[in-house]
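**Q** Let me give you the structure first, and then I'll get to my questions.
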Amino acid sequence: MRMHFIIACLLIVGPTSPQAETIELETRGLLSAKTRMLIPTHFEQTSEEMLQAKYPSKSRPTTVLMDERGTVNVSLSHPTYATSTKELKEAHRALERMFCSQDPSVIWYRSELSSINDQECFILELLTPASDTGVYNILVVTSLENRILIISVNPIKELIERWLSTGRRMVESITVNLGGGTASSSPLPTVARVSSGLTGQPASLGNLHQNDRREIGLGTIRKEEQNGRPPILSET
C-alpha cells in the first residue's frame with residue numbers, strides 16, 4: 645500500500661507539445677530549504693489548489709515544479725513513512741517490484757544503490773506509459789528526517805533526448821540539509837555508485853528494439869545495453 649501511494653505521487657503527466665527554449669538552471673531550496681537542487685529558471689511551483697485538482701485523494705506529491713506547458717516536471721514526495729538510510733536497500737527492491745507489478749510494459753534503464761553528495765540513496769530511470777505518450781522518470785530516493793524522500797525529474801518521451809543530460813545533472817546536484825536554512829550556491833555534484841544491483845531479471849522486462857529507440861531518441865542512452873537486452877534489476 646505504501647509503495648502504491650509513492651507511485652501515485654510520481655505519475656504526473658502533462659501535454660505533449662515540445663519546447664525549444666534554452667535550459668538555464670539555478671539552485672533552489674525546497675521543502676523548507678531542507679533539500680536543494682538545480683531547477684530550470686522558468687519552472688514554477690504548482691499551487692496547492694492545482695495539486696488538489698490533479699490529486700483529489702491524499703496521494704499527491706509534497707511539491708511539484710513544472711514548465712508552463714506541463715511537459716517536464718520535478719516532484720518531491722516526503723510522506724510520513726518511516727525510512728532510514730539503513731532501510732534504503734529494502735525500499736529499493738520494494739519499489740522495483742511495485743513498478744513491475746503495476747505495469748509490465750515499463751522499460752528500465754537504471755536501477756542501483758548509490759550516493760549523491762555523500763547522501764545514501766538509490767536511483768531509478770525508467771520509461772512509463774501514459775495515455776498519449778510516455779514519461780521518462782529519473783528518480784532519486786533517500787531518507788530525510790527518517791522519512792522516505794523521493795525526488796523525480798520527468799520529461800515526456802518526445803523530450804528525452806533534449807532533457808536527459810539536464811535531468812541527470814539536476815538530480816546529481818541534490819543535497820540534503822538536515823538543519824534547514826537558506827540554500828546558497830550550487831554544490832559540486834559528486835556521485836558514487838555503490839552497487840549496481842544488476843543480478844536478476846524479472847519476467848516483466850522486455851527488449852527495446854532499434855525502431856523504438858529511434859522513435860523516442862534513445863540512440864545514446866543505453867550505453868550499458870548488451871546483446872539488445874535492457875539493464876537487469878536487483879534480486880527480489
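At position 34 of the sequence shown (counting the first as 1) the number is 678 in the working numbering, and the numbers step up by one without a gap. Even for Gly, the Cβ is constructed at its ideal location relative to N, Cα and C.
Determine the contact status of ILE792 and THR727, defining contact as a CB-CB distance below 8 Å.
**A** yes
**Q** For PRO748, is the classification buried or exposed, using 16 other Cβ atoms within 10 angstroms of its Cβ as the cut-off for buried?
**A** Looking at its Cβ environment, which holds fewer than 16 other Cβ atoms inside 10 Å, PRO748 is exposed.
**Q** Going by the CB atoms, is the gap between ILE800 and LEU770 shorter than 8 Å?
**A** no
**Q** Between GLU688, SER721 and THR729, which lies nearest to SER759 when the distance is taken from Cα to Cα?
**A** Taking only the C-alpha atoms, the option nearest SER759 is THR729.
**Q** In whole angstroms, what is the alpha-carbon distance linking ASN821 and GLU764?
**A** 13 Å
**Q** Rounded to whole angstroms, what's the CA-CA distance from SER719 to VAL815? Just pull it up for me.
**A** Near 11 Å, if we compare the C-alpha coordinates of VAL815 and SER719.
**Q** Who are the Cβ neighbours of THR724 in its own chain at under 8 Å, not counting the five residues just before and after it?
**A** ARG791
**Q** With a floor of 3 residues, list each beta strand (DSSP E) that falls wholly inside the stretch 788-818, ordered by position along the chain.
**A** 791-799
**Q** Let's test the definition: count the other Cβ atoms within 10 Å of the Cβ of ASP762 and tell me whether it reaches 16, buried, or not, exposed.
**A** exposed
**Q** Quick one: what's SER719 bridged to in DSSP?
**A** VAL708 and SER796
**Q** Kindly indicate the opening and closing residues of the beta strand (DSSP E) around PHE766.
**A** 763-773
**Q** State the CB to CB distance for the pair LEU675 and HIS722, rounded to an integer number of angstroms; the pair is presumed to be in contact (CB under 8 Å).
**A** 6 Å
**Q** Is GLU734 helix, strand or coil by DSSP?
**A** helix
**Q** Is the beta carbon of LEU788 less than 8 Å from the beta carbon of THR679?
**A** yes
**Q** What residue does the beta strand (DSSP E) around GLU670 start on, and which one ends it?
**A** 669-674
**Q** Closest by CA to ARG737, which one among VAL785, THR707 and MET694?
**A** The shortest Cα separation from ARG737 among VAL785, THR707 and MET694 belongs to VAL785.
**Q** How is the beta strand (DSSP E) around PRO748 delimited, first residue to last?
**A** First-last for PRO748: undefined, no H or E at that position.
**Q** Alpha carbons only, please: which of ILE804, ARG806, ILE795 and LEU739 is nearest the one belonging to ILE818?
**A** ILE795
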